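Notes to accompany the following structure.
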Amino acid sequence: MREIHVSQIEETVARLCVEANLRLPDALRAKIEEAARAEESALPREIMNDLIKNLDAAAETRLPICQDTGMAVIFAELGQNAHITGGGFEAAVQRGVARGYAEGHLRSSIVADPLRRDRNTGDNTPAVIHLRLTEGDRLRLIVAPKGFGSENMSRLRMLTPAAGVEEVVSFVLETVRLAGSNPCPPVVLGVGIGGSFEGCALLAKRALCRPVDEHNADPYYAALEARLLAAVNELNIGPQGFGGKTTALAVAIEAAATHIAGLPLSVNVGCHVTRHAEAIL
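For the numbering used here, count along the sequence shown from 1 and bump the result up by 1.
What follows is the structure, given as structure tokens:
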């Protein structure tokens, strides 16, 4: 049995909160640079180049890429042969988020009550934690800060099996069309298909943590990702909503088994700053 002390978890989560907010994954930055070169009109090309300058400025000044430093979403995969020592796992994660947002001078955006909204928690906790038990003795942590300009544009629909793939495509396109410029395009789309009501939303959220240069391992869904990306980019919403070839940088689909009578579908919209950082303990 391998032991992992809660101090390691706290320290790692704090570091990842800062890292995720200061630097995009390399694959996503490469997609942005590629899109900038592909734009044929001056305005969308200039906007894409401005986004790249912003990424450089964030790295140089160690300031957040975006002023909305997000709600902290933590994906944890804990090996069943690992033993957490020194305290509780979830408490350690929450302390790590609080430390990271304080030490990184990141904006605290969490209100304690969703309706009364009269108190900010002051340290961006509580984070949303998704914990999964896996084989082995390691702990994999992914910190994915989620801004709500894009989160608010996300949608879920419970389709029937008769809907089929064409209605899935239609719903994804409708979601992007309704969102317009609100999620700060170009966007990254996480699409969850199957599971249950809550399960398909989690699939979509997990999809946003996949490297944008990786496709679904199933060729059927990889082809659907390519089809959706092409169709979304034909909407001509473009960078920041000013038109152009690049409305989306990537579409990632995660699918799961579902009930014979259902076809759950969720689209989690991410902005061009779809951030995540990870570590393995």
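Built from N, CA and C at the ideal position, the CB exists for glycine as well. Nothing here was measured: the structure is a model prediction, and the numbers come from that model.
Under the three-state reduction of DSSP, residue 281 is assigned to strand.
For residue 266, the closest of 95, 93 and 160 by C-alpha to C-alpha distance is 160. Residue range 165-180 is occupied by the alpha helix (DSSP H) that includes residue 176. Three or more Cβ pairs drawn from the stretch 17-29 and the stretch 50-67 lie within less than 8 Å of each other, which places the two stretches in contact.
Looking at the DSSP output, residue 6 sits in a beta bridge with 86. Across the structure, residue 82 and residue 7 are spaced so that their CA atoms are roughly 16 Å apart.
A straight-line Cα-Cα distance of about 28 Å links residue 168 and residue 36. Out of 255, 280, 70 and 10, the CA that lies nearest to the CA of residue 220 is found in 255.
Residues of the same chain with a CB within less than 8 Å of the CB of residue 42, apart from the 5 flanking positions on each side, are 244 and 245 in chain order.
Under DSSP, the beta-bridge partners assigned to residue 80 are 135.
In the three-state reduction of the DSSP assignment, residue 186 falls in the coil class. In this structure residue 76 is buried. Its beta-carbon is surrounded by 16 or more other beta-carbon atoms within 10 angstroms. Exposure of residue 231 is indicated by the presence of fewer than 16 other C-beta atoms within 10 angstroms of its C-beta. Residue 68 counts as exposed, since fewer than 16 other C-beta atoms from the protein chains shown sit within 10 angstroms of its C-beta. Contact check for residue 80 against residue 13 fails: the beta carbons are separated by 8 Å or more.
Looking at 17, 172 and 165, the one whose alpha-carbon comes closest to that of residue 107 is 17. Under the DSSP assignment, residue 268 falls in the beta strand (DSSP E) whose first and last residues are 264-271.
Taking a cut-off of 8 Å for Cβ pairs, the stretch 179-194 and the stretch 140-159 touch, as three or more such pairs fall below it. Taking 8 Å as the cut-off, the beta carbon of residue 252 is found no closer than this to the beta carbon of residue 205. For residue 48, the enclosing alpha helix (DSSP H) has its first and last residue at 43-62.
Secondary structure of residue 220 (DSSP, three-state): helix. The beta carbon of residue 262 lies closer than 8 Å to those of 161 and 162 in the same chain, with the five residues before and after it left out. Sixteen is the threshold: since fewer than 16 other Cβ atoms of the shown chains lie within 10 Å of the Cβ of residue 63, the residue is exposed.
The shortest CA-to-CA distance from residue 139 to any of 175, 124, 85 and 110 is the one to 85.
Going by beta carbons, residue 141 and residue 20 fall outside the 8 Å limit. Closest option to residue 2, judged by alpha-carbon separation, among 137, 40 and 93: 137. Residue burial is scored here from C-beta neighbours: residue 125 has at least 16 other C-beta atoms within 10 angstroms and is therefore classed as buried.
At the C-beta level, residue 122 and residue 186 stay beyond 8 Å of one another. Restricting attention to 97, 55, 90 and 198, the CA atom closest to the CA of residue 73 is found in 97.
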